[in-house]
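Peer 1: The numbering used here numbers the first residue of the sequence shown as 139 and each following residue consecutively. Backbone N, C-alpha and C define an ideal beta-carbon position, used for all residues, glycine too. Quick caveat, the model's predicted, so the values are computed rather than measured.
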Amino acid sequence: MSTNPILVGYDGSRYAEAALQWAVAEAARRGVPVRLVYVYEWATTVVPVPAGSGWPDPAVRRETATTIDAIVARVRAAHPEVAVQGTVVDGNVVSCLRRLSEQARLVVLGDRGLGGFTGLLAGSVAVGVAAHATCPVVVVRGCAPRSQPVVVGVDESPDSDHAVGFAFEQAAARGVGLVAVRAWQPPPVLRRSDSRPLPYDINELEAAQRRLAGQALHGWQDKHPEVVVTVRLMPSTAAHALIAASTDAQLVVVGSRGRGGFHGLLLGSVARQLIHHAHCPVAVVRDTAAVERREETGG
139 MSTNPILVGY DGSRYAEAAL QWAVAEAARR GVPVRLVYVY EWATTVVPVP AGSGWPDPAV
199 RRETATTIDA IVARVRAAHP EVAVQGTVVD GNVVSCLRRL SEQARLVVLG DRGLGGFTGL
259 LAGSVAVGVA AHATCPVVVV RGCAPRSQPV VVGVDESPDS DHAVGFAFEQ AAARGVGLVA
319 VRAWQPPPVL RRSDSRPLPY DINELEAAQR RLAGQALHGW QDKHPEVVVT VRLMPSTAAH
379 ALIAASTDAQ LVVVGSRGRG GFHGLLLGSV ARQLIHHAHC PVAVVRDTAA VERREETGG
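1) Can you list, in chain order, the residues of its chain with a C-beta nearer than 7 Å to that of P274? Leave out the 5 residues immediately preceding and following it.
2) Check this for me: beta carbons of R312 and V267, under 9 Å apart or not?
3) Would you report the Cα separation of R212 and A354, rounded to the nearest angstrom?
4) From V170 to V246, what does the alpha carbon distance come to, in whole angstroms?
5) What three-state label does DSSP hand P288 in the structure shown?
6) Counting only the same chain and skipping the five closest in sequence on each side, list residues whose C-beta sits under 7 Å from that of L343.
7) To the nearest angstrom, report how far apart A409 and G280 are at their CA atoms.
8) Which partner residues of G248 appear in the DSSP bridge assignment?
9) Taking buried to mean at least 16 other C-beta atoms within 10 Å of its own C-beta, is V207 buried or exposed?
10) Rounding to the nearest angstrom, what Cα-Cα distance links T272 and D339 in this structure?
11) With a threshold of 7 Å on Cβ separation, who are the neighbours of E240 within its own chain once the five nearest residues in sequence on each side are excluded?
12) Identify, in the order they occur along the chain, each residue of the same chain with its Cβ nearer than 8 Å to the Cβ of A351, setting aside the five sequence neighbours on each side.
13) Write down every uninterrupted run of the alpha helix (DSSP H) in the stretch 329-387 whose length is 4 residues or greater and which is fully enclosed by it, in chain order.
14) Around the Cβ of T141, are there at least 16 other Cβ atoms within 10 angstroms (buried) or fewer (exposed)?
15) If you follow the alpha helix (DSSP H) that V163 is part of, which residue opens it and which one closes it?
16) Using the Cβ count rule (16 or more neighbours within 10 Å means buried), how would you classify T204?
17) Skipping 5 residues on each side, what residues in its chain have a beta carbon closer than 6 Å to that of W322?
18) Measuring only the C-alpha atoms, how far is D149 from T225?
19) To which residues of the same chain is S384 closer than 6 Å at the C-beta, ignoring the five residues directly before and after it?
20) Quick one: residues in its chain with C-beta nearer than 8 Å to the C-beta of Q308, no 5 flanking neighbours on either side, listed in chain order?
21) Can you find the residues in the same chain that come closer than 7 Å, C-beta to C-beta, to A310, ignoring five residues on each side of it along the sequence?
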């Protein structure tokens, strides 16, 4: 089994602390280590400095490293079953976490930050890392009772299949059900020349949507027969449907790009809106090989 750690972007804020606690619980379930990383982005301060100037004072770096060591010791004492280590690095936050994600099984972030992430709210660090990381990214936000199910968005995109697989694994590990949300909207009503609308059978349309959802779930359901699955069809946009579903979920899982995503867009609008507005932690899962191909070609 791979020993790649769960990587936590940490800056001392309460948001980062929530991310750390989520990551430690996840590591305990999986039996994997946690790597806590503090990124000091000196170049983002209000005082102009030459690129690569590093820390303003070596003593500050030492104090930061001491603080991170103390946090690691605290976590180890509270969770002796989880191997935890801490690292202090300096550079661009998103670039550093993206690089470190290459040796991680999961990146976990708070939805907004302080300290090294000063002024960078959800939508900057979180969206940047979710767009470029080479592993799934979890943005911890909102309240997530452990009794609630895992929610996953389902469509026909390649990333959706990876998201469904991740969601099944999460639901199985947590011993909860899985709610598969498929957003759809009835076609516009066309009219004949006599002004009567062309009829369609709403029940047939819903049945077709349910069959498509079932096809997306079938293979994963066979691998995880213990997970009770509920398919929820929602006549809405995907973002609105998943944000609504997140109010009764402990985790919502989405592919990085849904159907209809623009070529070259590394993070779709649904994932972005969830990172901003979901009521529980959000996992953004992607087809990593496809992302690497797009970044290599610039497409």
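Peer 2: The relevant details are as follows:
1) In the sequence shown, residue 274 corresponds to position 136, counting from 1. Only L244, F304, A421, V422 and V423 meet the Cβ criterion.
2) In the sequence shown, the residue the question calls residue 312 occupies position 174. In the sequence shown, the residue the question calls residue 267 occupies position 129. No; because the gap between Cβ atoms is not below 9 Å, this pair is not in contact.
3) Translated into the one-based positions of the sequence shown, residue 212 becomes position 74. Translated into the one-based positions of the sequence shown, residue 354 becomes position 216. In a straight line, the C-alpha of R212 is about 42 Å away from that of A354.
4) Sequence index remark: in the sequence shown, residue 170 carries index 32 (1-based). Sequence index remark: in the sequence shown, residue 246 carries index 108 (1-based). About 14 Å.
5) The count along the sequence shown starts at 1 and reaches residue 288 at position 150. Note that residue 288 is Val in the sequence shown here, rather than Pro. Strand, per DSSP.
6) Locating residue 343 in the sequence shown gives position 205, where the first residue counts as 1. Same-chain partners within the cutoff: P324.
7) The residue given as residue 409 occupies position 271 in the sequence shown. The residue given as residue 280 occupies position 142 in the sequence shown. C-alpha separation (whole angstroms): 16 Å.
8) In the sequence shown, the residue the question calls residue 248 occupies position 110. Paired residues: V278.
9) Taking the first residue of the sequence shown as position 1, residue 207 is located at position 69. It is Asp, not Val, that sits at residue 207 in the sequence shown. Exposed, because fewer than 16 other Cβ atoms sit within 10 Å of the Cβ of D207.
10) On the sequence shown, residue 272 is found 134 positions in, with the first residue counted as 1. On the sequence shown, residue 339 is found 201 positions in, with the first residue counted as 1. Distance between the alpha carbons of T272 and D339: 43 Å.
11) In the sequence shown, counting from the first residue as 1, residue 240 sits at position 102. Here the set comprises T272.
12) The residue labelled residue 351 in the question sits at position 213 within the sequence shown. So the qualifying residues of the chain are V292, A318, R320, V369 and L371.
13) 340-361 and 376-383
14) Numbered from its first residue, the sequence shown carries residue 141 at position 3. Exposed, since its Cβ has fewer than 16 Cβ neighbours within 10 Å.
15) For the purposes of this step, residue 163 is taken as residue 25 along the sequence shown, with counting starting at 1. Checking the sequence, you will find Ala at residue 163 rather than Val. A163 -> alpha helix (DSSP H) spans R152 to R168.
16) Locating residue 204 in the sequence shown gives position 66, where the first residue counts as 1. With fewer than 16 other Cβ atoms within 10 Å, it is exposed.
17) As a position in the sequence shown, residue 322 is number 184, starting the count at 1. These residues qualify, in order along the chain: Q347.
18) If you number the sequence shown from 1, residue 149 lands on position 11. If you number the sequence shown from 1, residue 225 lands on position 87. If you take the alpha carbons of D149 and T225, they lie about 11 Å apart.
19) Numbered from 1 along the sequence shown, position 246 holds the residue referred to as residue 384. Same-chain partners within the cutoff: V390, A416, H417 and C418.
20) Reading the sequence shown from its first residue, position 170 is the one you call residue 308. Closer than 8 Å at Cβ, skipping near neighbours: V288, L389, V391 and A421.
21) Against the sequence shown, residue 310 aligns to sequence position 172. Same-chain partners within the cutoff: H362, E364 and V365.
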